[in-house]
Amino acid sequence: MAKTSPAQFVRQVRQEITRISWANRRETGLATITVFAMATIAAIFFLLIDAILSNVVQFLLNFGY
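Structure representation (structure tokens):
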């Protein structure tokens, strides 16, 4: 593997940065909203599952008493 000098490395990094397709403000906003919506849906889902399983376990533990 050939070693590159620090100056050549910086040039290569700058060249690669110009090739990157950055998201615009609208795409970033939509992605952020999507992430928050999915996180909220997942939180509600797991809250419901936890409540259901908690009630089932509580029922089973108190079944004999």
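Counted from 1, the sequence shown has number 50 at position 51 by numbering that gives the first Met the number 0; the numbering is strictly sequential. The C-beta atom is built at its ideal place from N, Cα and C for all residues, glycine as well. Just so you know, these numbers come straight off a predicted model, no measurement behind them.
Whole-angstrom distance between residue j and residue i, CA atom to CA atom
i   : j   : result
F45 : L52 : 10 Å
Y64 : A38 : 39 Å
Q7  : E15 : 12 Å
N54 : N23 : 47 Å
G28 : F35 : 11 Å
R13 : I19 : 10 Å
I32 : I40 : 12 Å
E26 : T3  : 36 Å
V56 : A30 : 38 Å
Simplified DSSP assignment, three categories, for residue i
i   : result
F62 : coil
N23 : coil
A97 : Nothing about residue 97 can be reported from this structure: the residues present for the chain run from 0 to 64 only.
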